[in-house]
Amino acid sequence: MISKNGRNDGLKVMTAEEGRKLLDRQARRYLGMSGKEFIRKWHAGEFEDPDQPDVMRVAMLLPLGA
Amino acid sequence: MAGATPAEAVQSYIDPIRKALLCVTAAVLHVRAGYYSAGEPHVLTLAGGAPVRLKGPSRITLSVFQHYRVVEAAGTRGPWRVSTAGYYYALEEYGGNEIVAYHWHPSSGVRFPHLHLLAGSRIGREELQKAHLPTGRIAIEQVLRFAIAEFNTVPLRADWSDVLAETEASFEAQRSWE
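For the record, the sequence lines run as chains A and B. For the first sequence, this note's numbering gives the first residue as 1, with consecutive numbering after it. For the second sequence, this note's numbering gives the first residue as 67, with consecutive numbering after it.
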């Protein structure tokens with residue numbers, strides 16, 4: 001059973017807004033850019049090495065930016 | 067992992083992962099509204115993608131990201147099941163460099179499952195610092211067992227070995243990789 005705060009025994013179900021904020025926070029922390037800028041650069045193919053761990057760590061959160 | 071509904075399939079996918087992770091950390095798993103079928107993969111992370119400190123003398127942290135999809139399936143695997151669509155598991159030094167990272171992100175970059183030996187591993191040879199060492203697909207239990215056995219991570223429960231064996235066997239029996 002999911003509670004009102006989205007927690008369920010060690011599980012947090014994020015809202016769409018919480019997901020976007022998480023992507024933004026991680027992009028700023030690891031790459032020094034906003035989530036929106038990361039999404040733009042990713043889809044434009046502007047990362048020279050997309051498999052570089054700091055880039056991929058943020059890229060794993062891309063579905064949260066939708 | 068199968069279920070009568072998308073939500074049930076997701077729950078049966080997440081529960082063993084949560085149970086396995088509880089062997090080494092009480093950190094919360096984050097998912098975003100992943101209880102439905104969609105074209106884009108859903109995201110599961112430990113602690114919102116933040117490195118989580120593990121107990122033990124090696125002073126390491128754990129990062130976990132997974133992508134999964136909810137799909138319709140026939141037979142005993144249906145009518146709904148969850149398929150793993152990618153992962154990123156890393157062990158890092160406290161507050162710093164990644165040591166090892168297991169990646170599988172088939173939709174971008176290097177598409178086969180691979181291992182990175184990063185700055186925290188203190189590997190000197192340049193080729194290896196940048197290498198994508200091919201691996202099979204890695205289950206989260208394998209990473210947790212690796213952290214306990216090789217990095218002296220202190221498990222949070224005495225029966226961790228049995229728990230990891232149980233959750234891994236459950237995953238192996240029903241696993242579905244894209």
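No residue lacks a Cβ here, since even glycine has one placed at the ideal position from N, Cα and C.
Please report the straight-line C-alpha distance between residue i and residue j, rounded to a whole angstrom.
i      : j      : result
B/F131 : A/L11  : 14 angstroms
A/K21  : B/L112 : 16 angstroms
B/H182 : B/T150 : 20 angstroms
B/V148 : B/E74  : 10 angstroms
B/A185 : B/T91  : 24 angstroms
B/A156 : B/H198 : 14 angstroms
A/F47  : A/M56  : 10 angstroms
B/R84  : B/T127 : 17 angstroms
A/A16  : B/P107 : 14 angstroms
B/V109 : B/Y79  : 13 angstroms
B/E192 : B/W146 : 46 angstroms
B/L222 : B/S129 : 17 angstroms
A/K41  : B/R98  : 23 angstroms
B/V94  : B/H180 : 26 angstroms
B/V166 : B/G115 : 16 angstroms
B/K196 : A/M60  : 20 angstroms
B/F212 : B/A235 : 17 angstroms
A/G6   : B/H171 : Confidence at A/G6 is low in this model, with a pLDDT of 49, below 50, so the placement of that residue should be treated as unreliable; the coordinate-derived value is given next. Between A/G6 and B/H171, the C-alpha separation is close to 28 angstroms.
A/G65  : B/E238 : 31 angstroms
A/S3   : B/Q240 : Interpretation of A/S3 is limited by its pLDDT of 47, a score under 50 that renders its predicted location unreliable; the figure taken from the coordinates is listed afterwards. In a straight line, the C-alpha of A/S3 is about 29 angstroms away from that of B/Q240.
A/V58  : B/L230 : 28 angstroms
Provide the residue span of the beta strand (DSSP E) that contains residue i, from first to last.
i      : result
A/H43  : Element bounds for A/H43: not the beta strand (DSSP E) but the alpha helix (DSSP H), G35 to H43.
A/L31  : No beta strand (DSSP E) holds A/L31; the alpha helix (DSSP H) holding it covers A16 to L31.
B/V97  : L95 to R98
B/L183 : H180 to L183
Determine the DSSP secondary structure at residue i, reduced to helix, strand or coil.
i      : result
B/A113 : helix
A/M56  : helix
B/G141 : helix
B/Y160 : coil
B/T201 : coil
A/A66  : coil
B/G186 : helix
B/V90  : coil
B/R177 : coil
A/D51  : coil
B/V220 : coil
A/L61  : coil
A/M1   : With a pLDDT of only 39 at A/M1, under 50, the local geometry of the prediction cannot be trusted, and no value is derived from it.
Need the endpoints of the alpha helix (DSSP H) that residue i sits in, please.
i      : result
B/R84  : P72 to L87
B/L120 : Where B/L120 is concerned, there is no enclosing alpha helix (DSSP H), given that its DSSP letter is neither H nor E.
B/F217 : I206 to F217
B/T233 : W226 to Q240
B/E106 : Premise fails: B/E106 is in no alpha helix (DSSP H) and is neither H nor E.
B/L194 : E192 to K196
Report the partner residues of residue i according to the DSSP bridge assignment.
i      : result
B/H171 : According to DSSP, which records beta bridges pairwise, B/H171 is partnered with nothing at all.
Which residues in chain E have a C-beta closer than 9 angstroms to the C-beta of residue i? List them in chain order.
i     : result
A/M33 : No chain E is present in this structure, whose protein chains are A and B.
Cβ contact (3+ pairs, closer than 8 angstroms) linking the segment 119–126 of chain B and the segment 20–39 of chain A: The segment 119–126 of chain B and the segment 20–39 of chain A do not touch, with fewer than 3 CB-CB distances between them shorter than 8 angstroms.
Contact between the segment 210–230 of chain B and the segment 81–90 of chain B is defined here as three or more beta-carbon pairs at a separation below 8 angstroms; is this criterion met? Short answer: they touch.
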